[in-house]
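Using the working numbering, you'd call the opening residue of the sequence shown number 180 and step up by one each time. Beta carbons: idealized from backbone N, C-alpha and C, even for Gly. The structure appears right after this line, and notes come after that.
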Amino acid sequence: MWRMSLKRNLNCPLEEGKRLAPLSAMGVGGEAEFFMEPADTRDVCELFRIRREAGFPLYILGGGTNVVFADGLLRGVVLSSRRLSDFRWNEDGNGDVLAEVEAGCSLPRLAAEAAEKGFAGMEFAQGIPGTVGGAVAGNAGAAGRSVGDLLEEVTAVEEDGGVRKWKRGEYGCSYRRCSLFSPGRFFAGCKMRLRRASRAEVERDGEVFRRVRSSQPRGVKSAGCVFKNPEGDSAGRLLDRSGCKGLRIGGAVVSDVHANFILNSGGATGSDILELMERCRDIVFRKMGISLEPEIKLLGFGMDLFSV
180 MWRMSLKRNL NCPLEEGKRL APLSAMGVGG EAEFFMEPAD TRDVCELFRI RREAGFPLYI
240 LGGGTNVVFA DGLLRGVVLS SRRLSDFRWN EDGNGDVLAE VEAGCSLPRL AAEAAEKGFA
300 GMEFAQGIPG TVGGAVAGNA GAAGRSVGDL LEEVTAVEED GGVRKWKRGE YGCSYRRCSL
360 FSPGRFFAGC KMRLRRASRA EVERDGEVFR RVRSSQPRGV KSAGCVFKNP EGDSAGRLLD
420 RSGCKGLRIG GAVVSDVHAN FILNSGGATG SDILELMERC RDIVFRKMGI SLEPEIKLLG
480 FGMDLFSV
């Protein structure tokens with residue numbers, strides 16, 4: 180039985196009945212049947228080898244800043260990358276700096292240290308929450324800049340439990356997407372290329388991106404932008420013009436500051452969030468003729484939730 184195999188072969192603890200709501204910025208969700216938070220990639224490789232034979236459900240969790248968990252029990256394993264959080268700076272011999280980063284490293288922490296050291300390129304990431312692994316998977320970015328612009332190499336645990344290093348040119352990144360992303364692949368780490376600059380230059384550029392994010396709600400429970408921007412338009416603008424601000428289902432409410440944010444105003448459930456997303460999407464489609472695609476990850480709800 181795969182459960183016994185995991186307990187016998189993993190070095191990290193395998194927790195049962197782990198509460199998921201405290202692990203997400205939205206603060207909703209049920210329990211994980213099994214939960215693991217390894218500090219060594221070898222445990223991830225062993226997990227994937229066992230899963231290849233047993234086929235149990237697997238959910239990968241980074242910082243929990245852009246996910247909504249379903250209510251009730253999530254069968255299978257939730258794999259958290261938070262303890263895989265090391266990073267280091269290396270000279271590349273050409274005057275640039277390579278950041279070698281594990282998946283669970285905080286993206287804001289990395290961007291802040293880069294700014295402090297005068298390494299340019301990550302200014303756009305200073306206000307983006309979450310982990311580097313999640314940022315790679317979703318090609319996180321702001322105002323036309325993204326993590327994919329910096330990537331030189333991505334290290335992944337593949338479906339068979341082996342480790343592969345993907346070099347620049349072997350994958351592609353587009354708006355909120357990395358071509359390597361797959362439910363059967365774990366981003367263990369990456370290398371990002373930055374250039375040397377003055378702290379004043381980095382701070383000046385960082386302020387531009389901070390102003391871009393100043394219109395977003397702060398100090399609230401949310402999972403960030405709910406929908407991706409359709410080509411040539413803004414999801415927030417479409418939701419606003421469609422009258423979605425202030426819509427509420429249970430404890431879930433559309434922010435009156437930025438219409439592309441759904442907030443947990445207190446006591447919201449995963450079902451509340453999902454139902455409110457579906458309602459907003461339907462309203463925009465009826466009024467604007469545009470079908471919005473989720474940017475946040477919906478874990479444990481099933482497949483094809485937003486098929487047109």
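Would you kindly check if the distance between the Cβ of residue j and the Cβ of residue i is under 8 Å?
{"i": "E338", "j": "G368", "result": "no"}
{"i": "M467", "j": "V405", "result": "no"}
{"i": "D461", "j": "A438", "result": "no"}
{"i": "G488", "j": "I475", "result": "Coverage of the chain is limited to positions 180 through 487, which leaves residue 488 absent and any answer about it impossible."}
{"i": "G309", "j": "G242", "result": "yes"}
{"i": "A319", "j": "L263", "result": "no"}
{"i": "T334", "j": "V326", "result": "no"}
{"i": "D265", "j": "R374", "result": "no"}
{"i": "E279", "j": "R261", "result": "no"}
Suppose you measure from the CA of residue i to the CA of residue j; what does that come to, to the nearest Å?
{"i": "G340", "j": "L226", "result": "7 Å"}
{"i": "F485", "j": "A211", "result": "Because F485 carries a pLDDT of 43, less than 50, the predicted location of this residue cannot be relied on, and no value is offered for it."}
{"i": "V256", "j": "L189", "result": "13 Å"}
{"i": "S470", "j": "A322", "result": "22 Å"}
{"i": "A291", "j": "E216", "result": "25 Å"}
{"i": "I307", "j": "L286", "result": "7 Å"}
{"i": "E281", "j": "L289", "result": "11 Å"}
{"i": "C352", "j": "S358", "result": "6 Å"}
{"i": "W345", "j": "G430", "result": "43 Å"}
{"i": "M180", "j": "E232", "result": "10 Å"}
{"i": "R324", "j": "F235", "result": "37 Å"}
{"i": "T220", "j": "C284", "result": "14 Å"}
{"i": "E423", "j": "A414", "result": "The question names Glu, yet the displayed sequence has Cys at residue 423. One C-alpha to the other measures close to 11 Å."}
{"i": "D271", "j": "G317", "result": "26 Å"}
{"i": "K407", "j": "P473", "result": "6 Å"}
{"i": "P192", "j": "D222", "result": "10 Å"}
{"i": "A249", "j": "R198", "result": "12 Å"}
{"i": "G411", "j": "V436", "result": "22 Å"}
{"i": "L494", "j": "E380", "result": "Lying outside 180 to 487, the shown extent of the chain, residue 494 is not represented and no answer is given."}
{"i": "F366", "j": "R458", "result": "33 Å"}
Identify which residue in the options has its Cα closest to the Cα of residue i.
{"i": "R427", "options": "L417, S450, P201", "result": "S450"}
{"i": "A294", "options": "E382, S259, D271", "result": "E382"}
{"i": "S259", "options": "G403, D384, F298, G313", "result": "G313"}
{"i": "C224", "options": "V336, G320, V463, W268", "result": "V336"}
{"i": "L202", "options": "R231, Y238, L417, R389", "result": "Y238"}
{"i": "K186", "options": "E380, F213, R356", "result": "F213"}
{"i": "A304", "options": "S361, A249, E386", "result": "E386"}
{"i": "A447", "options": "D265, N408, V399", "result": "V399"}
{"i": "A200", "options": "L252, L193, G297", "result": "L252"}
{"i": "F480", "options": "I229, C191, E194, V247", "result": "V247"}
{"i": "T244", "options": "C191, R458, R397", "result": "R397"}
{"i": "G208", "options": "S184, R230, R254, M183", "result": "R254"}
{"i": "P409", "options": "E279, L477, R355", "result": "R355"}
Report all residues from its chain with a CB closer than 8 Å to the CB of residue i; omit the five preceding and five following residues, and keep chain order.
{"i": "S401", "result": "A204, M205, S434, F440, I441, L442, N443"}
{"i": "A376", "result": "G297, F298, A299"}
{"i": "D483", "result": "Confidence is the limiting factor: at D483 the pLDDT is only 42, short of 50, which leaves the residue's position unreliable, though a coordinate-based value still follows. If we look at D483 and ignore the five residues flanking it on each side, it has no Cβ neighbours."}
{"i": "G425", "result": "V432, V433, D435"}
{"i": "S184", "result": "I229, A233"}
Under 7 Å Cβ to Cβ from residue i, same chain only, skipping five residues before and after it: list those, please.
{"i": "E349", "result": "none"}
{"i": "V487", "result": "Below a pLDDT of 50, predicted positions are generally treated as unreliable, and V487, at 31, falls in that range; the measurement from the model is reported next regardless. Contacts found: S470."}
{"i": "F388", "result": "E302, F303, Q305, G306, A321, A322"}
{"i": "F464", "result": "S470"}
{"i": "R559", "result": "Missing from the structure shown is residue 559; the chain here goes from 180 to 487 and no further."}
In chain order, what residues of the same chain have a beta carbon less than 6 Å from the beta carbon of residue i, not counting five sequence neighbours either side?
{"i": "E331", "result": "R347, K370, R372"}
Please list the segments of the beta strand (DSSP E) lying wholly inside the segment 335-403, counting only runs of 3 or more residues, in order along the chain.
DSSP assignment within the segment 335-403 yields the following whole beta strand (DSSP E) runs of 3 residues or more, N-terminal first: 342-346, 365-375.
What runs of the alpha helix (DSSP H), each 4 residues or longer, lie entirely inside the segment 260-313?
Runs of the alpha helix (DSSP H) inside the segment 260-313: 286-296.
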